[in-house]
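Numbering (the working numbering), first residue to last: 1 to 132. Backbone N, C-alpha and C fix where the C-beta goes; we use that ideal spot for every residue, glycine too.
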């Protein structure tokens with residue numbers, strides 16, 4: 001874990017998210033890759049603002065503008081299991097830092113700066129229409 005929350009911005013991490021298991025009829029948790037795009041505080045503990053990274057196998061579920069595709073080479077750099085993977089620029093969520101595993105899958109901001117800028121641009125485009 002970095003010394004400051006801002007050190008995680010731009011990194012792809014594994015965050016725990018709840019889901020409902022229909023077989024057991026109970027709430028469970030699953031680790032999902034997520035791109036950290038912000039944090040609420042300068043110190044831990046805090047919440048991270050993240051964008052999920054998903055495989056989206058059903059093409060009809062992919063948003064043509066706000067799902068940013070990561071191709072094979074990019075997925076390998078970021079240690080993502082599924083090729084292709086998509087950063088979901090319109091699916092913002094928060095996760096407490098305690099729900100984030102300490103190992104970082106990859107540093108998108110550092111290793112893929114053009115992709116990071118493209119994701120940031122898509123997120124800004126999406127978010128400018130909020131509250132209107």
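Pairwise C-alpha distance: residue 67 and residue 60: Taking the first residue of the chain shown as position 1, residue 60 is located at position 60. Taking the first residue of the chain shown as position 1, residue 67 is located at position 67. Taking the straight line from one Cα to the other gives about 12 angstroms.
Neighbourhood of residue 62 by C-beta, 7 angstroms cutoff - its chain only, sequence neighbours within 5 removed: Within the chain shown, residue 62 is the residue found at index 62, counting from 1. 56 and 86.
Where the beta strand (DSSP E) through residue 3 begins and ends: Taking the first residue of the chain shown as position 1, residue 3 is located at position 3. Taken as a continuous stretch (DSSP letters only), residue 3 belongs to no beta strand (DSSP E), as it is neither H nor E.
Simplified DSSP state of residue 131, which is helix, strand or coil: Start at 1 with the first residue of the chain shown, and residue 131 comes out as number 131. Residue state, collapsed to three classes: coil.
Meets three-Cβ-pair contact criterion under 8 angstroms: the segment 104-124 and the segment 74-89: yes
Per-residue DSSP class, three states only, for residue 75: Sequence index remark: in the chain shown, residue 75 carries index 75 (1-based). Helix at residue 75.
Closest by C-alpha distance to residue 39, when choosing among 32, 4 and 91: Within the chain shown, residue 39 is the residue found at index 39, counting from 1. Closest by alpha carbon: 4.
Residue 21, DSSP secondary structure in three states: Counting from 1 along the chain shown, the entry for residue 21 is found at position 21. In this structure, residue 21 counts as strand in the three-state DSSP scheme.
Sequence ranges, alpha helix (DSSP H) only - wholly within the segment 59-115, length at least 4: 72-77 and 108-111
Residue 44: first and last residue of the uninterrupted beta strand (DSSP E) it sits in: By 1-based counting over the chain shown, the position of residue 44 is 44. Unbroken run through residue 44: none, as it is neither H nor E.
Rounded separation between residue 128 and residue 8 - CA only: Within the chain shown, the letter at position 128 stands for residue 128. Within the chain shown, the letter at position 8 stands for residue 8. Taking the straight line from one Cα to the other gives about 24 angstroms.
Cα-Cα separation between residue 17 and residue 34, rounded to whole angstroms: One-based indexing of the chain shown puts residue 17 at position 17. One-based indexing of the chain shown puts residue 34 at position 34. Cα to Cα, residue 17 sits roughly 10 angstroms from residue 34.
For residue 29, the residue or residues it bridges with in DSSP: Working through the chain shown from its first residue, we reach residue 29 at position 29. Bridge partners of residue 29: 18.
Separation of residue 70 from residue 115, as counted between CA atoms: Taking the chain shown and counting its residues from 1, the one referred to as residue 115 is at position 115. Taking the chain shown and counting its residues from 1, the one referred to as residue 70 is at position 70. Rounded to the nearest angstrom, the two C-alpha atoms are 8 angstroms apart.
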